[in-house]
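Asks: In the UniProt record's numbering, the protein residues as written are 1 to 339.
#1: What's the call for residue 110, buried or exposed, on a 16-neighbour Cβ count within 10 Å?
#2: Could you name each continuous alpha helix (DSSP H) segment of 4 residues or more that falls completely within the segment 160-232, going from the start of the chain to the end?
#3: Round the Cβ separation of residue 203 and residue 289 to the nearest angstrom and send it over; I've been treating them as touching at under 8 Å.
#4: Specify the secondary structure class of residue 289 as computed by DSSP and reduced to three states.
#5: Taking the CB atoms as reference points, tell me whether residue 242 and residue 129 lie closer together than 7 Å.
#6: With distance defined between alpha-carbon atoms, name the residue in 140, 173, 316 nearest to residue 224.
#7: Do residue 79 and residue 68 have their C-beta atoms within less than 7 Å of each other?
#8: Identify the continuous alpha helix (DSSP H) that holds residue 133 and give its terminal residues.
#9: Output the distance between the C-alpha atoms of residue 172 and residue 186, rounded to the nearest integer angstrom.
#10: On the CB-based measure, 16 or more other CB atoms within 10 Å of its CB, does residue 22 come out buried or exposed?
#11: Measuring alpha carbon to alpha carbon, tell me which residue in 43, 56, 71, 39 is nearest residue 303.
#12: Determine the contact status of residue 252 and residue 122, defining contact as a CB-CB distance below 7 Å.
#13: Do the CB positions of residue 216 and residue 162 come within less than 7 Å of each other?
#14: With the cut-off set at 7 Å, would you say residue 61 and residue 306 are in Cβ contact?
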């Protein structure tokens, strides 16, 4: 028969267990008057699939980044941070006896460091495409949001580039921009140029192709945002004598705050992950002019067999994109337009 002290000990253990469970429920959002077990049951398959097919391979790639990996042997040799050092060295900023020294050749010469050169190409690509994709999509959406004839036809025409595969678009634009392509056939003789084969203009060709395809996808998001703005706001602004510009500035633009944030973040992420069109358009050439970070990762890992360095590059890019996304979510204006 259990003694009084034993029963007291069991009671204390059960009470402690209940407190731990109550604390755990509070942390995950389960309250006494709310049972979320059914919700967890619904999301469990997605969590399992995510863990098995996305999170697992990502963690395994992170493990490979610390090794000199051989895909044929299915094993590697532990090298620690050597892959990261090899990728980043030499740095654009070097410390000397006189302090920090800027070395621009690291960014401008692929022979100095191909990672930094590809990262520079990616930044140039993002700066040149993201604003045009966003404001171009907004302009088209504003035009098609009005009562115009053949509105559905225009929407389909602007959205058509999105329906094409990246490979098909790259092949088409390479044909347009070749030395004997369509663009040169309509230009004066003194303006003819091999736009796709010149290192100075090849990246511009990829950027032009990205803008052509990105405007249509952003147009859809902006159209959805515009159609959710109540017409009463515009009517009130007209009654107050607001011009078209003031209606856009004080009604349309603030009401598109969430849409602007989503489109901007997704456009930046997409720009830093550009791969397919650069690969098909020129395979990173000529002279690495269109080599982006993701294309370099692919070439280093799957063409050269340096899976360790490729994985290290992938995680450096992940840190860059994650830092930008976190900064945007952390410091963006949290106010939303409610009606």
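Backbone N, C-alpha and C define an ideal beta-carbon position, used for all residues, glycine too.
Replies: Looking at the atomic coordinates:
#1: By the 10 Å Cβ count, residue 110 comes out buried.
#2: Entirely contained in the segment 160-232, the alpha helix (DSSP H) runs reaching 4 residues are, in chain order, 166-177, 182-186, 202-227.
#3: Between residue 289 and residue 203 the Cβ distance is about 5 Å, and since that is below 8 Å, they are a contact.
#4: Coil.
#5: Cβ atoms of residue 242 and residue 129: not closer than 7 Å.
#6: Residue 140 is the option with its Cα nearest to residue 224.
#7: Taking 7 Å as the Cβ cut-off, residue 79 and residue 68 qualify as a contacting pair.
#8: Boundaries of the alpha helix (DSSP H) harbouring residue 133: 114-144, taken from the DSSP string.
#9: Near 17 Å, if we compare the C-alpha coordinates of residue 186 and residue 172.
#10: Counting Cβ neighbours within 10 Å, residue 22 comes out exposed, since fewer than 16 surround it.
#11: For the residues 43, 56, 71, 39, the minimum Cα distance to residue 303 belongs to 71.
#12: For the 7 Å CB-CB criterion, residue 252 and residue 122 do not form a contact.
#13: The answer is yes: Cβ separation under 7 Å.
#14: No, these two residues do not count as a Cβ contact at 7 Å.
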